[in-house]
Structures are given as structure tokens and as C-alpha cells.
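Remarks on the structure that follows.
In mature numbering (1 follows the signal peptide of the UniProt record, and there is no 0), the protein residues as written are -27 to -1, 1 to 417.
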């Protein structure tokens, strides 16, 4: 499953199950003695309707403090790398000399990653830190559309430039037709539309529902789409889409990468100088793209596998046990350990939206040069601006000094008497009285 979706309780099928697990191990009151008092017998269908405000901040720290620490502070570290990294990546890839077809995909990927992280902040505030920004009409319906579209788009863009690289390497005679900037822009637009189309139905799935507690309303799935347990429309739709985007797409990328690597090895063994040189030029960009696409695979598939193991670690509460006995129950501890591992894997999965710049810098020689050029340009621009300000200040100072000199030169001698002349008369009658000022103004 896509990283970050685990917190958005019922969007994926496995996420709904995870929320059910959380509901069974803690009570929303935050009192450890009340654990499982409310939802001890919650069925899978009940978990589908569990409210979005069930978050890790309500889990008593004495039960699983490690989960809270990982969920809160590792995410902040990812943000610290992801935000500046995606901004710099986007700026580099939109530069004129970097606007080749692959650069278009990578610029779109950087922008998508930035948007995803921005939306992820909202989700973290809602689910982890105890704020409720999503419990607002319109926002409740709009947020899952945008959040999931940004999440779906990442793997699709990687599939796009991986397919292009496959055509370029394995079918070089078709490169001129398919690997163009114009076609890349068309494909990117199509992928954006596809991602929004896949997530658009979430605007209907989610609405403001009453919680039954004090008549309050919270953002959650409609009962009509969540009813039915494993066969509900919500579960079946999200499961199908996530299998497509987070399982089949990464596997397709893996197959294409294997074919590209095999072809590159075949070309590298060829003895002809022209083919060898061409292979080397292609490898510079190809290695970078392979690194990005492989990182997508190793950050996406583990999350998917971790969720599929849920039933192996599912905790089924025993109503005959007290809350303290449940906490000490080995099966309960096993479930808590699984959640810690799952949370860690989710955070690792989220890094695919933040760490791409590392691969660009390490494997992309042209990217490094362009990034260095931009830094030098910015630094030189600031230096030039500073020099310009100093020059302007000096010029203003000299003008003030010149004005004072001109004022003094207006007193000229006419027939042995001191007389005040006008400015025009001063210049014409006694131009030599202020030579330094005239020269200075001319030089300025």
C-alpha cells in the first residue's frame, strides 16, 4: 500500500483493518485502565466506520511510546529533507538546458512529491498531533481526492519515464518518435488526469457524519459505501486501485528495469567504438533513472507486504480478561510490536517522496553541474546586488557633495563685488569653479 495511507483510516482495505487494531488495543479516553472497554468486540465492519479522529496521540505512551516517537519525529526529519529537496529538484529540472523528455517527468515528480508532503502535513496534524483540520465541510470531501491523487501519481510518473527509458535503450530507432518533450508533456497530463480520476470517487465516499456522541460531526466514510465488511464498495474499490498502483505498477517498473539493464550490458560488451560511446552517454541518465525507479520499488512493496501480514498478527480480544491482563497478554504485545514495525516501514515508504534529490546528486553528473551553476548564480546575484547597493549609496553621496559644491560656486565675482547668480549663470559664467564636481558627475 502507499505510504501515508495507513493513517487515513479506511481509504485502503488494510488501513481499515489497522484502525480496527488500534481501536481494540486502546480506548479513546486515553486511560490505560479503559483499554478495550468500548470496542472490544468490534467487527471488521465496525472498523470501516471508525472515526478519523482516532490517532496515535490518544494512545497512552506507556503502552507503545516507540510507535508515537517514530510516527511523530521521523516524519519531521523526512519533511526537513523532502521540502528543500523537492523545491531544488523542481527548479533544476525546469531549467532550459534540462528540459529534455526525462527532465519533464522528473520535474513533474518533484512537484508531485512536494504537493504530497504538503498534504501529508495536514494528515499528520489530524491523525497524530491531535488537530482536526479535516473536520470541515468541503475539506472533508476534497482532501482525500487530492491526497490520493498525489500518492497515485508518483508511481505512475516513475512508470512513465521508465517506459521511455526502455524505449530509448531497447528500441533506439523508435526514440525519435516516442521520446520527445512534447509527447512527455502529453503523457504527464494524461497521468495527472488518470490519478484524479482514480481518486475522484473519494469525494463521494467521504462526508461529515455524526459520531453519536453529543451530536458532533466528523469526517468519515458514508455508511452506504462502508456497509458490508470485506465486500463493501469502499473496501473493494480501494483494494483494487491500490493493487494497481502500489503492486502492479512497481512490478512493471521492475520488469522494465531488468530489460534495460540487460540491454545495457549487451551494448557494453560490443567492441564498436561508436556504439560504446553512445552507450556511455546514455548510461549517465539511465543510471539515475534506474536508481529512482528501484527506490520506488523498495519503498512501496515492503509497505504492501507489511499490510498483507495483518491477519497473522491480528489481536482478538478476550472479554474475560481485564485491561491489565490484556496489556500483559503475549498476543497483545505481539500485535503492538507488529504495529511498531508497520509504522517504521510506513515511514520508510514515505521517504520515496523526499529522498529523490539524493539520487539525483549522487548519480546525476549533469544535475550536479546545473545545481552548482544555480547556487553560483544565486550567490553572485546577491554579491552583485550588494555591490549595486554600495555603488548607489556612493553615487548618492557624491551627488550630495556635488550639490554643496555647486551651491558655493553660485557666489561669483562680478566687477569686484560678490553677487549671487542663478544656476544657469553659474555654469556659464564660472564653469571652472567646480571642476571636480563636473568631472565626478560625468564619470557617474
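Using N, Cα and C, we set each Cβ at its ideal position, and we do this for glycine too.
Keep in mind it's a predicted model, so treat the numbers as computed, not measured.
The segment 208 to 232 is shown to contain no whole alpha helix (DSSP H) run of 4 or more residues. Where residue 143 is concerned, the enclosing alpha helix (DSSP H) starts and stops at 112 to 143.
Between residue 75 and residue 262, the C-beta gap is smaller than 9 Å, which places the two residues in contact.
At the C-beta level, residue 135 and residue 59 stay beyond 9 Å of one another. Residue nearest to residue 106 within the set 163, 337, 190 and 302 is 190 (criterion: CA-CA distance). Distance between residue 172 and residue 116, taken at the CA atoms: about 10 Å.
Residues of the same chain with a CB within less than 7 Å of the CB of residue 260, apart from the 5 flanking positions on each side, are 336 in chain order. Contact check for residue 274 against residue 220 passes: the beta carbons are separated by less than 9 Å.
At the C-beta level, residue 48 and residue 112 stay beyond 9 Å of one another. Distance from the CA atom of residue 347 to the CA atom of residue 40, rounded to whole angstroms, is 40 Å. For the set 53, 44 and 212, the Cα lying nearest the Cα of residue 103 is the one of 44. Comparing alpha carbon positions, the residue from 327, 258 and 310 closest to residue 338 is 258. Contact annotation: the segment 150 to 164 does not touch the segment 265 to 285, with fewer than three C-beta pairs closer than 8 Å. A residue is called buried once 16 or more other Cβ atoms fall within 10 Å of its Cβ, and residue 319 is buried on that count. Bridge pairing for residue 183: 190 [DSSP]. Under the 10 Å beta carbon count, residue 353 is surrounded by fewer than 16 other beta carbons and is classified as exposed.
Residue 214 and residue 118 have their C-alpha atoms some 13 Å from each other. For residue 329, the enclosing alpha helix (DSSP H) has its first and last residue at 329 to 336. Here the C-alpha atom of residue 109 lies approximately 15 Å from the C-alpha atom of residue 178. Comparing alpha-carbon positions, the option among 130, 93, 237 and 82 lying closest to residue 141 turns out to be 237.
Per DSSP, reduced to three states, the secondary structure at residue 197 is helical. Its chain contains 128, 129 and 132 as the residues whose beta carbon lies nearer than 7 Å to that of residue 222, once the 5 sequence neighbours on both sides are disregarded; these appear in chain order.
The criterion of a C-beta distance shorter than 9 Å is not satisfied by residue 63 and residue 96.
Under the criterion of beta carbons closer than 8 Å, residue 89 and residue 326 qualify as touching, at roughly 5 Å.
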